[in-house]
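Asker:
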Amino acid sequence: MTVESTAARTPRRSAGSKAGTTGTKRTRTTAKKDAGTEPQLVQLLTPEGKRVKNAEYDKYVAGITPEELRGLYRDMVLTRRFDAEATSLQRQGELGLWASLLGQEAAQIGSGRATREDDYVFPTYREHGVAWCRGVDPANLLGMFRGVNNGGWDPNSNNFQLYTIVIGSQTLHATGYAMGVAKDGADSAVIAYFGDGASSQGDVAESFTFSAVYNAPVVFFCQNNQWAISEPTEKQSRVPIYQRAQGFGFPGVRVDGNDVLGVLAVTRWALERARGGEGPTLVEAFTYRMGAHTTSDDPTRYRGDEERQAWEAKDPILRLRRYLEASHHADEGFFAELEAESEALGKRVREAVRAMPDPDHFAIFENAYADGHALVDEERAQFAAYQASFADEGGN
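At position 243 of the sequence shown (counting the first as 1) the number is 245 in the working numbering, and the numbers step up by one without a gap.
1) What's the C-alpha gap between Leu65 and Leu263?
2) Tell me which residue opens and which closes the beta strand (DSSP E) that Asn142 is part of.
3) Given 8 Å as the limit, is there contact between the stretch 206-216 and the stretch 253-269, that is, 3 or more CB pairs closer than that?
4) The beta strand (DSSP E) spanning Leu284 covers which residue range?
5) Using 8 Å as the cut-off, can you tell me whether the stretch 78-93 makes contact with the stretch 43-58, which would need three or more C-beta pairs spanning the two stretches below that distance?
6) Per the DSSP calculation, Phe223 is bridged to which residue(s)?
7) Arg118: buried (16+ other C-beta within 10 angstroms of its C-beta) or exposed?
8) Assign Leu103 to buried or exposed, taking buried as 16 or more other Cβ atoms, counted over all protein chains shown, within 10 Å of its Cβ.
9) Closest Cβ-Cβ distance between Gly279 and chain B: below 8 Å?
10) Does DSSP put Gly204 in a helix, in a strand, or in coil?
11) For Gly112, count neighbouring Cβ atoms within 10 angstroms of its own Cβ and tell me buried if that reaches 16, exposed if not.
12) For the stretch 72-88 and the stretch 122-136, state whether three or more C-beta atom pairs, one from each stretch, are separated by less than 8 Å.
13) Could you compute how far the alpha carbon of Gly145 sits from the alpha carbon of Asn56?
14) What does the Cβ neighbour count give for Thr302, buried or exposed, with the cut at 16 atoms within 10 Å?
15) Is there contact here, the stretch 164-178 with the stretch 383-393, by at least three beta-carbon pairs under 8 Å?
16) I'd like to know whether the C-beta atoms of Gln311 and Gly259 end up nearer to each other than 8 Å.
17) Hey, Ala403 and Asp186: beta-carbon distance below 8 Å or not?
18) I'd like to know whether the C-beta atoms of Glu87 and Gly335 end up nearer to each other than 8 Å.
19) Using a Cβ-Cβ cut-off of 6 Å (strictly less than) and excluding sequence neighbours within five positions of Ala191, which residues of its own chain qualify?
20) Kindly indicate which residue of Asp300, Thr297, Gly293 and Gly114 has the alpha-carbon position closest to the one of Glu314.
21) Starting from the C-beta of Phe250, find all residues in its chain whose C-beta is less than 7 Å away, skip the five residues before and the five after it, and write them out in chain order.
22) Classify Gln110: buried if its beta carbon has 16 or more other beta carbons within 10 angstroms, exposed otherwise.
23) Report back the beta-carbon spacing between Gly182 and Asn160 to the nearest angstrom; my notes put them in contact at under 8 Å.
24) Note down the Cα distance separating Tyr239 from Ala184, rounded to an integer number of angstroms.
25) Curious, which full-length alpha helix (DSSP H) runs of at least 4 residues does the stretch 41-108 contain?
26) From the DSSP output, in three-state form, read off Glu334 for me.
27) At which residues does the beta strand (DSSP E) containing Tyr216 begin and terminate?
28) Whose C-alpha, out of Gly98, Gly149, Gly114 and Pro140, is nearest the C-alpha of Glu353?
29) Using only the alpha-carbon positions, how far apart do Ile169 and Leu322 sit?
30) Specify, as a first and last residue, the run of the beta strand (DSSP E) that Arg256 falls within.
31) Quick check on the burial criterion: 16 or more other C-beta atoms within 10 angstroms. Buried or exposed for Ala116?
32) Quick one: grab the DSSP three-state call for Ala315.
33) Pick out whichever of Glu286, Asp85, Leu377 and Tyr290 has its Cα sitting closest to the Cα of Gln42.
34) From this set, Asp379, Asn369, Glu345 and Phe196, which residue's C-alpha is nearest Asn227's C-alpha?
35) Val355 and Phe367 - do their beta-carbons sit closer together than 8 Å?
36) According to DSSP, is Gly38 helix, strand or coil?
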């Protein structure tokens with residue numbers, strides 16, 4: 003398959019557009035899709051673990067070694083193990099909240115490993131795999147979710163910005179940083195992560211505008227995991243997300259987000275464009291959120307089991323394992339050793355979190371007003387009484 007660049011194409015609306023108007027009567031049409039308007043998907047590794055040739059992107063992974071392939075597999079396995087441990091810790095009351103990346107490991111590891119040390123990364127709150135690639139200790143990610151800090155790492159030590167909770171705002175930060183990089187004359191690039199839901203935010207549209215006008219060296223990496231909490235992608239956009247770049251004058255590419263090789267190749271291409279002064283690129287990693295949006299969400303209320311089962315067959319870790327086994331690049335000893343390593347990682351993270359202090363329950367009332375406020379004092383007293391109600395008769 004080849005990529006469909008949106009930089010120099012005119013907008014197309016398929017015959018299946020939702021509504022049309024004839025005179026004063028509005029009608030809804032359902033027509034067959036025109037094959038020429040179907041989104042094109044870059045894929046180098048099929049769900050069955052078969053390598054697919056691609057004339058445009060093969061060169062970006064042509065030199066990859068068996069050791070590097072095993073490294074990508076290791077990254078995904080350990081990231082998934084860490085994520086599962088964090089989810090369990092939240093369920094046990096050790097974390098206040100957790101945003102799982104289950105199912106999105108290839109999108110994050112493939113793109114994260116495409117970056118250079120001097121590139122700068124602006125994440126959302128779910129980029130645990132990218133953080134792993136940038137050398138951030140997994141345990142440091144959990145302090146914020148436990149409520150003991152506002153981010154447990156120095157962004158400039160790894161060129162990995164703190165997690166951003168406000169949806170879409172990091173794309174503006176990334177664009178401004180990239181404009182600064184260009185003015186400094188550096189040849190590094192910036193990559194900004196966001197989800198399909200965030201693509202509807204005004205901040206994202208503004209960042210597209212500024213980056214295009216100023217030819218900023220930034221890659222916009224959208225992890226389209228099909229659901230913005232309970233809202234499906236088709237209610238977010240009338241066109242595939244990658245095609246939105248067309249209206250801003252820069253290329254957009256859709257890649258199989260469960261194919262770590264495809265993501266690695268496409269992201270390398272996009273980052274090279276940025277470093278070479280060719281401006282921004284929008285990469286849409288077409289993937290799936292296997293779990294809940296966060297641990298406060300119940301996905302069974304808005305999607306069916308059959309949908310998840312269909313995506314489980316496209317599991318990013320399983321497909322790379324199949325390829326490694328078929329190519330004789332890994333044996334059972336490797337997989338057994340990695341399993342032991344993943345269990346050790348889970349134990350280390352669990353112990354690190356339980357060693358963290360409990361969050362200060364009353365910190366929320368501090369600094370709300372510079373000189374204090376009677377209502378805040380009243381609310382603090384009510385909360386103190388509520389906390390005291392959990393004490394047993396012995397006062398413990």
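Even glycine gets a Cβ: it sits at the ideal position worked out from N, Cα and C.
Answerer: Answer, in terms of the structure:
1) Residue mapping note: residue 65 aligns to position 63 of the sequence shown, counting from 1. Residue mapping note: residue 263 aligns to position 261 of the sequence shown, counting from 1. Per the sequence presented here, residue 65 reads as Gly, with Leu not at that position. Cα to Cα, Gly65 sits roughly 12 Å from Leu263.
2) As a position in the sequence shown, residue 142 is number 140, starting the count at 1. No beta strand (DSSP E) holds Asn142; the alpha helix (DSSP H) holding it covers Pro140 to Arg148.
3) no
4) If you number the sequence shown from 1, residue 284 lands on position 282. Unbroken beta strand (DSSP E) run through Leu284: Thr283 to Phe288.
5) no
6) Working through the sequence shown from its first residue, we reach residue 223 at position 221. Per DSSP, Tyr195 and Val285.
7) Walking along the sequence shown from the start, residue 118 turns up at place 116. By the 10 Å Cβ count, Arg118 comes out exposed.
8) For the purposes of this step, residue 103 is identified with residue 101 of the sequence shown, where counting begins at 1. Buried is the call here.
9) No chain B appears in this structure, which consists of one protein chain only.
10) Counted from its first residue, the sequence shown places residue 204 at position 202. Here Gly204 sits in helix by DSSP.
11) Locating residue 112 in the sequence shown gives position 110, where the first residue counts as 1. Flag for Gly112 reads buried.
12) yes
13) Sequence index remark: in the sequence shown, residue 145 carries index 143 (1-based). Sequence index remark: in the sequence shown, residue 56 carries index 54 (1-based). Each residue's alpha carbon lies about 42 Å from the other.
14) In the sequence shown, residue 302 corresponds to position 300, counting from 1. It counts as exposed.
15) no
16) For the purposes of this step, residue 311 is taken as the residue at position 309 of the sequence shown. For the purposes of this step, residue 259 is taken as the residue at position 257 of the sequence shown. No, Cβ-Cβ distance for Gln311 and Gly259 is not below 8 Å.
17) In this structure the chain extends from 3 to 398, so residue 403 is not present and cannot be described.
18) Translated into the one-based positions of the sequence shown, residue 87 becomes position 85. Translated into the one-based positions of the sequence shown, residue 335 becomes position 333. Not in contact: Glu87 and Gly335 (Cβ atoms no closer than 8 Å).
19) The residue you call residue 191 lines up with position 189 of the sequence shown. Result list for Ala191: Asp121, Pro219, Leu273, Ala276 and Arg277, in chain order.
20) Taking the sequence shown and counting its residues from 1, the one referred to as residue 314 is at position 312. The shortest C-alpha separation from Glu314 is found at Gly293.
21) In the sequence shown, residue 250 corresponds to position 248, counting from 1. Taken in chain order, the residues that qualify are Phe210, Thr211 and Ala214.
22) Within the sequence shown, residue 110 is the residue found at index 108, counting from 1. With 16 or more Cβ atoms within 10 Å of its Cβ, Gln110 is classed as buried.
23) Taking the first residue of the sequence shown as 1, we reach residue 182 at position 180. Taking the first residue of the sequence shown as 1, we reach residue 160 at position 158. About 18 Å separates the two Cβ atoms, so there is no contact after all.
24) The residue you call residue 239 lines up with position 237 of the sequence shown. The residue you call residue 184 lines up with position 182 of the sequence shown. Position check: residue 239 holds Ser in this sequence, whereas Tyr was assumed. Near 31 Å, if we compare the C-alpha coordinates of Ala184 and Ser239.
25) 68-93
26) As a position in the sequence shown, residue 334 is number 332, starting the count at 1. DSSP places Glu334 in helix when its eight states are reduced to three.
27) What you label residue 216 is simply residue 214 of the sequence shown in a count that begins at 1. Premise fails: Tyr216 is in no beta strand (DSSP E) and is neither H nor E.
28) Here residue 353 refers to the residue found at position 351 when the sequence shown is read from its first residue. The residue with the shortest Cα to Cα distance from Glu353 is Pro140.
29) Along the sequence shown, one-based indexing puts residue 169 at 167. Along the sequence shown, one-based indexing puts residue 322 at 320. Between Ile169 and Leu322, the C-alpha separation is close to 32 Å.
30) Locating residue 256 in the sequence shown gives position 254, where the first residue counts as 1. Per DSSP, Arg256 belongs to the beta strand (DSSP E) from Gly254 to Asp258.
31) Walking along the sequence shown from the start, residue 116 turns up at place 114. The residue is buried, with at least 16 neighbouring Cβ atoms inside 10 Å.
32) For the purposes of this step, residue 315 is taken as residue 313 along the sequence shown, with counting starting at 1. Coil, per DSSP.
33) In the sequence shown, counting from the first residue as 1, residue 42 sits at position 40. Ranking Glu286, Asp85, Leu377 and Tyr290 by Cα distance to Gln42 puts Glu286 first.
34) Counting from 1 along the sequence shown, the entry for residue 227 is found at position 225. Nearest option by C-alpha distance: Phe196.
35) For the purposes of this step, residue 367 is taken as the residue at position 365 of the sequence shown. For the purposes of this step, residue 355 is taken as the residue at position 353 of the sequence shown. Against a cut-off of 8 Å, the Cβ pair of Val355 and Phe367 comes out as no contact.
36) Within the sequence shown, residue 38 is the residue found at index 36, counting from 1. Because Gly38 carries a pLDDT of 45, less than 50, the predicted location of this residue cannot be relied on, and no value is offered for it.
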